[in-house]
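Enquirer: Numbering (this note's numbering), first residue to last: 1 to 436.
Don't be surprised by glycine CBs; every beta carbon is placed ideally from N, CA and C.
Note that this is a predicted model, so its numbers are computed, not measured.
Can you read through this structure? Questions will come right after.
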């Protein structure tokens, strides 16, 4: 076994640690925390671009939130209870419960509109979460192409999650407004009304947790609608403390914007506009990948530790993380190479023009004998080229190129055959384990 070369101090100074054989491996992230910071620092530009694309789909929802706020403020300032004139003119016998009824009617409209606005926002979540997942898997991405591909592949799963959360939010908010009105109007059961309002908001929080897990599961696995919801419930309760912590960590920009006030509110708004949505998805999808590696992937035989370097493995025995599905960019590249056909220059040896074999040159006045000499020289050159090709056809460069091209052809043929012969059936769902 060859011993490692020991270099002098000056040589190490001149070459730098980047030339060390273990330097590249040691700089790779070895934990999900390290991977998060590595993506945040190294792919910040892509995160900003993804955030911009997602922000465009969130505009209807943001507009509705601002419009509702303006409506509530305006009604509070112009209502009978806010003008500072008492009952006054026109005569109103009683204004008890007027504010609560006004809030009820306002929220019935706006929280109902949140459902279609959420469906539009699901477009951005589907595309953005797909790109963030590929970044976590350390795959090459093209933001525009992969954003559109993520929408096509994952929109319905994300839409199911958003629809579930917005419907729960609409129902709970309606019941809470009714409870407020019943309490003010003194319909009795005051304690039950307040308790039901608290329980309703607890259900909203649980619905948010389940919806986030539905997004993560829908991006990573193929599942039916009911299986997606059931597995999200299992993951929500099986990892509840960690899930709450990472959801709060992901929601920091939004919490600052909504509840910060003053400088903190302005800071949170700037972060949201620049990279806040991408940051939230990066935190959540990175944590979800850790949970899948711990509870799901080992059971299904999927690759574990995608995007991470395992320093405990021998250097020459590092497992190559084979994805359950190739990246879209890699498939497009293979398809383009195969479509162009096998290169005649790279697939077979071609004799270089560096010998004394020359083509017979016809004189200005030539005879049949000169034509025969020209034909013989052409044949001689062809035979010489064939002999060279036969002699060098097993050279490593040609053998390797043809082997790789054949593998690409077989992979694409198998993929097309699988698409054509795939029978519809119940989607496979991950068999989740209990928390260990």
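#1: Using the Cβ count rule (16 or more neighbours within 10 Å means buried), how would you classify residue 285?
#2: What span of residues does the alpha helix (DSSP H) with residue 161 cover, start to end?
#3: Which term fits residue 290, buried or exposed, when burial requires 16 or more other beta carbons within 10 angstroms of its beta carbon?
#4: Alpha carbon to alpha carbon, what distance is there between residue 224 and residue 303?
#5: Using 8 Å as the cut-off, can you tell me whether the stretch 103 to 114 makes contact with the stretch 63 to 77, which would need three or more C-beta pairs spanning the two stretches below that distance?
#6: Whole alpha helix (DSSP H) runs in the stretch 216 to 247 with 4 or more residues, listed along the chain?
#7: Classify residue 377 as helix, strand or coil using the three-state DSSP reduction.
#8: Can you look up residue 34 in the DSSP assignment and give me helix, strand or coil?
#9: Using 8 Å for Cβ pairs, my map puts residue 307 next to residue 35. What's the rounded Cβ distance?
#10: Can you tell me which of the three DSSP states residue 116 falls into?
#11: Of all the alpha helix (DSSP H) runs that stay within the bounds of the stretch 252 to 316, which reach a length of 4 or more residues?
#12: If I measure Cβ to Cβ from residue 212 and keep anything under 7 Å in the same chain, skipping five residues before and after, which residues do I get?
#13: Is the beta carbon of residue 31 closer than 8 Å to that of residue 128?
#14: Pair every Cβ in the stretch 156 to 175 with every Cβ in the stretch 194 to 206, then say whether three or more of these pairs are closer than 8 Å.
#15: Using C-beta distances below 6 Å, list every residue in its chain close to residue 183, excluding the 5 sequence neighbours before and after it, in chain order.
#16: With the cut-off set at 8 Å, would you say residue 60 and residue 120 are in Cβ contact?
#17: With a threshold of 6 Å on Cβ separation, who are the neighbours of residue 177 within its own chain once the five nearest residues in sequence on each side are excluded?
#18: Can residue 131 and residue 123 be called in contact, C-beta distance under 8 Å?
#19: Please classify residue 161 as buried or exposed, where buried requires at least 16 other C-beta atoms within 10 Å of its C-beta.
#20: With the cut-off set at 8 Å, would you say residue 214 and residue 157 are in Cβ contact?
#21: For residue 218, count neighbouring C-beta atoms within 10 Å of its own C-beta (all shown protein chains included) and say buried if the count is 16 or more, exposed if not.
#22: Run through DSSP, which three-state label would residue 393 get?
#23: Taking the alpha-carbon of residue 137 as reference, which of 52, 71, 229 and 292 has the nearest alpha-carbon?
#24: What does the Cβ neighbour count give for residue 272, buried or exposed, with the cut at 16 atoms within 10 Å?
#25: Does the distance from the C-beta atom of residue 268 to that of residue 253 stay below 8 Å?
#26: Quick one: what does DSSP say residue 137 is sitting in, helix, strand or coil?
#27: Thinking residue 377 and residue 359 are a contact (beta carbons under 8 Å), I'd like their distance in whole angstroms, please.
#28: Using the beta-carbon count (16 or more within 10 Å), is residue 375 buried or exposed?
#29: I'd like to know whether the C-beta atoms of residue 233 and residue 210 end up nearer to each other than 8 Å.
#30: Do you know offhand how far residue 154's Cα is from residue 257's?
#31: Quick check on the burial criterion: 16 or more other C-beta atoms within 10 angstroms. Buried or exposed for residue 220?
#32: Could you give the DSSP three-state label for residue 360: helix, strand or coil?
#33: Exposed or buried, what is residue 187 when buried is set at 16 or more other beta-carbons lying within 10 Å of its beta-carbon?
Expert: A quick look at the data gives this:
#1: The residue you call residue 285 lines up with position 285 of the chain shown. By the 10 Å Cβ count, residue 285 comes out buried.
#2: The residue you call residue 161 lines up with position 161 of the chain shown. Looking at the DSSP string, the run of the alpha helix (DSSP H) that includes residue 161 is 143 to 184.
#3: Looking up residue 290 in the chain shown gives position 290. Counting Cβ neighbours within 10 Å, residue 290 comes out buried, since at least 16 surround it.
#4: As a position in the chain shown, residue 303 is number 303, starting the count at 1. As a position in the chain shown, residue 224 is number 224, starting the count at 1. Distance between the alpha carbons of residue 303 and residue 224 is about 22 Å.
#5: Touching, yes.
#6: 225 to 238
#7: Here the question's residue 377 lines up with position 377 in the chain shown. Here residue 377 sits in helix by DSSP.
#8: The residue labelled residue 34 in the question sits at position 34 within the chain shown. Three-state DSSP puts residue 34 in a helix.
#9: Here residue 307 refers to the residue found at position 307 when the chain shown is read from its first residue. Here residue 35 refers to the residue found at position 35 when the chain shown is read from its first residue. Right, their Cβ atoms sit about 6 Å apart.
#10: For the purposes of this step, residue 116 is taken as residue 116 along the chain shown, with counting starting at 1. Note: residue 116 maps to helix in three-state DSSP.
#11: 252 to 259, 263 to 271, 277 to 295 and 297 to 300
#12: Here the question's residue 212 lines up with position 212 in the chain shown. If we look at residue 212 and ignore the five residues flanking it on each side, its Cβ neighbours are 247 and 284.
#13: On the chain shown, position 128 is the one that residue 128 refers to. On the chain shown, position 31 is the one that residue 31 refers to. No, the pair does not count as a contact, with Cβ atoms beyond the cut-off.
#14: Taking a cut-off of 8 Å for Cβ pairs, the stretch 156 to 175 and the stretch 194 to 206 touch, as three or more such pairs fall below it.
#15: Within the chain shown, the letter at position 183 stands for residue 183. For residue 183, where only same-chain residues beyond five positions count, the Cβ hits under 6 Å are 190 and 193.
#16: Counting from 1 along the chain shown, the entry for residue 60 is found at position 60. Counting from 1 along the chain shown, the entry for residue 120 is found at position 120. Contact: yes.
#17: The residue you call residue 177 lines up with position 177 of the chain shown. Here the set comprises 103, 104 and 107.
#18: In the chain shown, counting from the first residue as 1, residue 131 sits at position 131. In the chain shown, counting from the first residue as 1, residue 123 sits at position 123. Contact flag unset, no.
#19: The residue given as residue 161 occupies position 161 in the chain shown. Flag for residue 161 reads buried.
#20: Position 214 of the chain shown, counted from the start, is the residue given in the question as residue 214. Position 157 of the chain shown, counted from the start, is the residue given in the question as residue 157. Yes, these two residues count as a Cβ contact at 8 Å.
#21: Here residue 218 refers to the residue found at position 218 of the chain shown. Buried is the call here.
#22: As a working note, residue 393 is residue 393 in the chain shown. Note: residue 393 maps to coil in three-state DSSP.
#23: As a first step, residue 137 must be located in the chain shown, where it is residue number 137. That would be 292, whose Cα lies nearest to the Cα of residue 137.
#24: Taking the chain shown and counting its residues from 1, one reaches residue 272 at position 272. Residue 272 should be labelled buried.
#25: As a working mapping, residue 268 is identified with position 268 in the chain shown. As a working mapping, residue 253 is identified with position 253 in the chain shown. At the C-beta level, residue 268 and residue 253 come within 8 Å of one another.
#26: One-based indexing of the chain shown puts residue 137 at position 137. Reduced to three states, the DSSP call for residue 137 is coil.
#27: Numbered from 1 along the chain shown, position 377 holds the residue referred to as residue 377. Numbered from 1 along the chain shown, position 359 holds the residue referred to as residue 359. Residue 377 to residue 359, Cβ: 5 Å. Contact.
#28: Counting from one through the chain shown, the residue named residue 375 turns up at place 375. Exposed.
#29: Position 233 of the chain shown, counting from 1, holds the residue named residue 233. Position 210 of the chain shown, counting from 1, holds the residue named residue 210. Going by C-beta atoms, residue 233 is nearer than 8 Å to residue 210.
#30: Position 154 of the chain shown, counted from the first residue, corresponds to residue 154. Position 257 of the chain shown, counted from the first residue, corresponds to residue 257. Rounded to whole angstroms, residue 154 to residue 257 spans 29 Å at the Cα level.
#31: Numbered from its first residue, the chain shown carries residue 220 at position 220. Buried: at least 16 other Cβ atoms inside 10 Å.
#32: Position 360 of the chain shown, counted from the first residue, corresponds to residue 360. Coil, per DSSP.
#33: The sequence position of residue 187 within the chain shown is 187, counting from 1. Exposed: under 16 other Cβ atoms inside 10 Å.
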